[in-house]
Every structure is written in structure tokens, then in C-alpha cells.
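> I'd like to ask you about the structure that follows.
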Amino acid sequence: MKKFLLLSLLIFVSILSADSKKDVYTSGWWTGPLIAFKARTSPARKITILPSVAYLSTQGIYNNSWKIEPSERFFIVSPSVYMSYGITDKLECGLNIPWLFNRHLKKNGNGLGDASFQVAYQLLEDDYGGPVYDTLFFVREYFPSGRYSNLKPELDGTDQTGFGLFYTTLGFNLQKIFLLANARLLRLRINIAYDLPAVAHVQGLNAYGGGLGTKGKVWDGSTIYLTISHEVQFTQNWVFACDYSYEHGGKAKFSGNPGKSFSHINSRHLLANNGYPAWDSFNVSPAIEYNFSQGIGLIGGVWISVAGRNNPAFISPIIKFSATF
Numbered sequence: 008m009k010k011f012l013l014l015s016l017l018i019f020v021s022i023l024s025a026d027s028k029k030d031v032y033t034s035g036w037w038t039g040p041l042i043a044f045k046a047r048t049s050p051a052r053k054i055t056i057l058p059s060v061a062y063l064s065t066q067g068i069y070n071n072s073w074k075i076e077p078s079e080r081f082f083i084v085s086p087s088v089y090m091s092y093g094i095t096d097k098l099e100c101g102l103n104i105p106w107l108f109n110r111h112l113k114k115n116g117n118g119l120g121d122a123s124f125q126v127a128y129q130l131l132e133d134d135y136g137g138p139v140y141d142t143l144f145f146v147r148e149y150f151p152s153g154r155y156s157n158l159k160p161e162l163d164g165t166d167q168t169g170f171g172l173f174y175t176t177l178g179f180n181l182q183k184i185f186l187l188a189n190a191r192l193l194r195l196r197i198n199i200a201y202d203l204p205a206v207a208h209v210q211g212l213n214a215y216g217g218g219l220g221t222k223g224k225v226w227d228g229s230t231i232y233l234t235i236s237h238e239v240q241f242t243q244n245w246v247f248a249c250d251y252s253y254e255h256g257g258k259a260k261f262s263g264n265p266g267k268s269f270s271h272i273n274s275r276h277l278l279a280n281n282g283y284p285a286w287d288s289f290n291v292s293p294a295i296e297y298n299f300s301q302g303i304g305l306i307g308g309v310w311i312s313v314a315g316r317n318n319p320a321f322i323s324p325i326i327k328f329s330a331t332f
């Protein structure tokens with residue numbers, strides 16, 4: 008962990024002696040880091056396909072005092088496909104479809120996750136040496152396509168694949184490319200996003216808690232996301248990437264008949280009581296990219312929680328492939 012932080016510090020210091028030139032945008036080959044989203048829309052009539060596979064293993068639970076407590080491990084294998092299409096050079100739409108395979112206490116479950124649809128608009132473009140960053144505004148809508156309510160107690164939460172509500176995410180993605188003093192390219196990204204969740208109607212054991220006889224409504228807490236990432240070239244093909252992300256989620260509130268609660272854990276929150284407290288998560292995601300060309304690349308790395316509150320401690324290797332045509 009200290010090595011990654013030191014490497015990041017050296018990279019950011021080197022920016023101070025760097026100049027940007029217009030050709031750096033076309034000479035760099037990038038796949039993108041694991042977590043931070045792009046800040047340039049796809050060109051008109053171009054399609055980008057981004058399939059990925061993530062394997063997540065919980066390592067414990069951060070309590071309200073930011074300390075890890077032991078817990079039974081929950082495992083998730085999650086393949087997904089993101090597809091985007093450039094409507095114009097400044098406007099694109101995208102669709103993400105996830106699938107989850109869960110395992111917990113030797114029980115297994117799988118199903119479609121919560122799919123999402125996104126519209127993005129290019130507000131600004133990098134001015135190659137000046138203060139302006141690529142700036143993209145997006146609206147993303149999540150749909151309750153995953154299983155979240157009337158879960159089976161005997162499956163120990165493995166049949167949960169979603170959260171049962173519509174919610175809208177608003178955000179800005181920023182990006183800029185720098186030419187470093189050693190003639191290597193560096194791409195910096197900043198993502199800021201905010202969730203506006205709707206109401207989830209729940210029965211029985213569900214993604215927020217509950218059990219026998221539970222019936223009511225859950226108002227999920229809004230979530231704020233901040234991600235800063237960098238990618239630095241070793242060669243035109245090989246790139247080191249790393250994300251640093253912070254998430255804060257508000258408390259979920261329940262109204263209705265709480266029923267008889269069960270005590271076990273899903274992939275994110277304690278299922279001991281309806282609703283859950285506010286939570287925080289700090290994560291880091293080092294990765295290596297190999298870019299076959301300007302439009303085709305592969306990235307592999309690991310998403311790791313380094314601190315948190317009322318949230319699982321986890322480690323998640325991820326592989327992504329990106330192709331634009």
C-alpha cells in the first residue's frame with residue numbers, strides 16, 4: 008500500500024514540470040482505470056463495448072468505529088457488459104447489464120443484477136496545456152431488475168442480486184492528459200457523483216433486513232462518490248493505472264411491519280435489522296493495462312477496501328476488455 012502511495016506522489020510531482028501538447032491526445036493508447044469513468048463521449052456513430060468480470064470476497068465488517076470485525080465470508084462473481092453509442096460527437100447513451108453469482112456458508116445463488124441506462128453530454132474539451140479539462144455530465148438511471156425481496160432464509164442471502172428501487176445518479180467526469188518531463192504520458196481523471204434513490208417496497212427477508220412477516224417501505228440513503236485516478240505510460244502498449252475512491256452512503260429508513268428479523272449478511276450490509284446506518288468506504292484499485300491499439304485494450308487489477316465504517320472490508324480482482332469500433 009505504501010509503495011502505491013509513493014508511486015502516486017512521484018507521478019503527481021512530475022506533473023509540475025510537464026507540458027501538454029495537442030498531439031498527446033491522439034498518441035496515447037488507453038483502456039481506462041478499473042473504477043473511474045471516462046470523460047469523453049464516444050465519437051458519433053461509434054460503439055464501445057466493455058465486458059468485465061469481478062470476483063469479490065468480503066474479509067470482515069467495518070464497525071461504526073472504523074474497526075474490522077470478523078464475519079463469515081461472502082463471495083460474488085459478477086460478469087457484466089457495458090455498451091455505449093455516440094449519438095453525436097457530444098452526446099452518447101450507454102447500457103450496463105450485470106449478472107451475479109453469489110456464495111455464502113456453502114449456499115449458492117445467482118441472477119440478473121440491477122441494470123442501468125446512461126445519457127452523457129460533453130460540456131468541455133481538454134485545451135492541451137491550458138486549465139480546461141475534458142468535462143462530461145451524465146445522468147444514469149438504475150432499474151430494480153435484481154432480486155431483493157422475499158428472499159429465502161435457507162439460501163443465506165445468496166439469492167439477493169439487487170436493491171429493489173429506481174435511483175438516479177447525477178455526476179461529472181473530468182479528465183486531462185499531461186506530457187511528463189520523462190516524455191511519458193499521464194492521464195488524470197476525477198469523477199464526482201450523487202445518487203437520488205426512490206422508495207423500495209419490501210416483503211419478508213430482503214436486501215435491507217427483515218424476515219418473517221416483514222412488509223413495508225425502505226427509503227435508501229443517498230450516496231456520494233468521489234474517485235481520483237491516474238494512468239501513466241510505461242510504453243505505448245503498457246500502462247499503470249490506479250484509482251483512489253471514497254463513498255459515503257446515508258442511513259436507510261424503514262416504515263411498516265418489521266416482522267421477525269433474521270441475522271445474516273449480504274454482500275454489503277448487515278441484515279440483522281430493517282434498514283442500515285450511514286456508511287463510508289475508502290478504496291484503492293491498482294491495475295495494469297495492455298493496449299493493442301488506440302481503440303482496443305485489456306486491464307486487470309484489484310479493488311481493495313482500505314478503510315470503512317458500517318461496510319464490508321473486501322478485496323476484488325477485476326478484468327476488463329474495451330473495444331471501440
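To convert, note that position 211 of the sequence shown is 218 in our numbering; the numbers rise steadily by one, no gaps. Glycine residues also receive a C-beta, built at the ideal position from the N, C-alpha and C atoms. Remember, it's a predicted structure, so these values are computed and weren't measured experimentally.
1) Use the C-beta contact count for residue 272: other C-beta atoms within 10 angstroms, 16 or more gives buried, fewer gives exposed.
2) Quick one: grab the DSSP three-state call for residue 40.
3) Return the CA-CA distance between residue 124 and residue 104, expressed in angstroms with no decimal places.
4) Considering only residues of the region 244–321, which uninterrupted beta strand (DSSP E) runs meet the minimum length of 3 residues and lie entirely inside it, listed in chain order?
5) Pull up the CB-CB distance for residue 88 and residue 40, whole angstroms please, since I reckon it's below 8 Å.
6) Exposed or buried, what is residue 236 when buried is set at 16 or more other beta-carbons lying within 10 Å of its beta-carbon?
7) To the nearest angstrom, how far is the alpha carbon of residue 214 from that of residue 167?
8) With the cut-off set at 7 Å, would you say residue 43 and residue 202 are in Cβ contact?
9) In the DSSP assignment, find the unbroken beta strand (DSSP E) run with residue 238 in it and report its ends.
10) What number of angstroms, rounded off, separates the C-alpha of residue 83 from the C-alpha of residue 136?
11) Compute the distance between the beta-carbons of residue 266 and residue 217, then report whether it is under 7 Å.
12) For residue 189, count the other beta carbons within 10 Å of its own beta carbon; 16 or more makes it buried, fewer makes it exposed. Which is it?
13) Can you tell me whether residue 414 is helix, strand or coil according to DSSP?
14) Return the first residue and the last residue of the beta strand (DSSP E) that residue 395 is part of.
15) According to DSSP, is residue 160 helix, strand or coil?
16) Compute the Euclidean distance between the alpha carbons of residue 26 and residue 64, then round it to the nearest angstrom.
17) Closer than 7 Å, CB to CB, is residue 87 near chain B or not?
18) Quick one: which unbroken beta strand (DSSP E) runs of 3-plus residues sit fully inside the region 59–134? Chain order, please.
19) Is it the case that the Cβ atoms of residue 48 and residue 99 are separated by a distance below 7 Å?
20) Going by C-alpha distance, which of 133, 106, 257 is nearest residue 120?
21) Within the continuous beta strand (DSSP E) that includes residue 185, where are the two ends?
22) Look up residue 152 in the DSSP assignment and give the residues it is bridged to.
23) Would you say the region 313–323 touches the region 295–305, given that touching needs at least three Cβ pairs under 8 Å?
24) Along the chain, where does the beta strand (DSSP E) containing residue 222 start, and where does it finish?
25) Between which two residues does the beta strand (DSSP E) containing residue 204 stretch?
26) When the Cα of residue 319 is compared with those of 76, 53, 34, 54, which residue comes out closest?
27) Going by the DSSP bridge assignment, what does residue 139 pair with across the sheet?
28) Tell me, please, which residues DSSP counts as bridged to residue 328.
29) Quick check on DSSP: helix, strand or coil for residue 214?
30) Who does residue 144 pair with in a DSSP beta bridge?
31) So residue 198 packs on residue 149, CB below 8 Å; how close in whole Å?
32) From this set, 164, 161, 173, which residue's C-alpha is nearest residue 152's C-alpha?
33) Might you give, ordered along the chain, the residues of its own chain that have their beta carbon closer than 6 Å to the beta carbon of residue 159, omitting 5 neighbours on each side?
34) Given a cut-off of 7 Å, decide if residue 259 and residue 227 are closer than it, judged by their beta-carbon atoms.
Judging by the given coordinates:
1) A caution first: residue 272 carries a pLDDT of 39, below 50, which makes its placement in the model unreliable, though a value can still be read off. The residue in question, residue 272, is buried, as its Cβ has 16 or more Cβ neighbours within 10 Å.
2) It is coil, neither helix nor strand.
3) Spanning the two alpha carbons is a distance of roughly 9 Å.
4) Taken in chain order, the whole beta strand (DSSP E) runs of length 3 or more contained in the region 244–321 are 245–256, 260–264, 286–298, 303–316.
5) Actually they are not in contact, since the Cβ atoms of residue 88 and residue 40 sit about 19 Å apart, beyond 8 Å.
6) Counting Cβ neighbours within 10 Å, residue 236 comes out buried, since at least 16 surround it.
7) C-alpha separation (whole angstroms): 7 Å.
8) Result no, Cβ atoms of residue 43 and residue 202 do not sit closer than 7 Å.
9) It spans 230–240 - the beta strand (DSSP E) in which residue 238 sits, taken as one unbroken run.
10) Cα to Cα, the separation comes out at about 43 Å.
11) Closer than 7 Å, so yes.
12) When all chains shown are included, residue 189 counts as exposed.
13) Given that the chain is displayed from residue 8 to residue 332, the structure contains no residue 414 and the question cannot be resolved.
14) Only positions 8 to 332 of the chain appear in this structure, which leaves residue 395 out of reach.
15) The three-state secondary structure of residue 160, taken from DSSP, is helix.
16) With a pLDDT of 44 at residue 26, under the threshold of 50, the predicted position of this residue should be treated as unreliable, though the coordinate-derived value follows. Cα atoms of residue 26 and residue 64: separation of roughly 42 Å, rounded to the nearest angstrom.
17) Considering every chain present, this structure includes no chain B. It has just one protein chain.
18) The beta strand (DSSP E) runs lying completely inside the region 59–134 and spanning 3 residues or more are 81–93, 98–111, 114–119, 123–131, given in chain order.
19) Judged by beta-carbon spacing, residue 99 lies within the 7 Å limit of residue 48, meaning their Cβ atoms are closer than that value.
20) Ranking 133, 106, 257 by CA distance to the CA of residue 120 puts 106 first.
21) 174–186 is the extent of the beta strand (DSSP E) around residue 185.
22) Its beta-bridge partners do not exist; DSSP assigns none.
23) Judged by Cβ distances under 8 Å, the region 313–323 makes no contact with the region 295–305, as fewer than three pairs qualify.
24) The continuous beta strand (DSSP E) containing residue 222 extends over residues 222–226.
25) Counting along the chain, the beta strand (DSSP E) containing residue 204 begins and ends at 192–204.
26) When each option's Cα is compared against that of residue 319, the closest is 76.
27) Beta-bridge pairing links residue 139 to no other residue.
28) Residue 328 pairs with 305.
29) DSSP places residue 214 in coil when its eight states are reduced to three.
30) Bridge partners of residue 144: 128, 179.
31) Actually they are not in contact, since the Cβ atoms of residue 198 and residue 149 sit about 16 Å apart, beyond 8 Å.
32) In terms of Cα proximity to residue 152, the closest of 164, 161, 173 is 173.
33) Result list for residue 159: 166, in chain order.
34) Yes, these two residues count as a Cβ contact at 7 Å.
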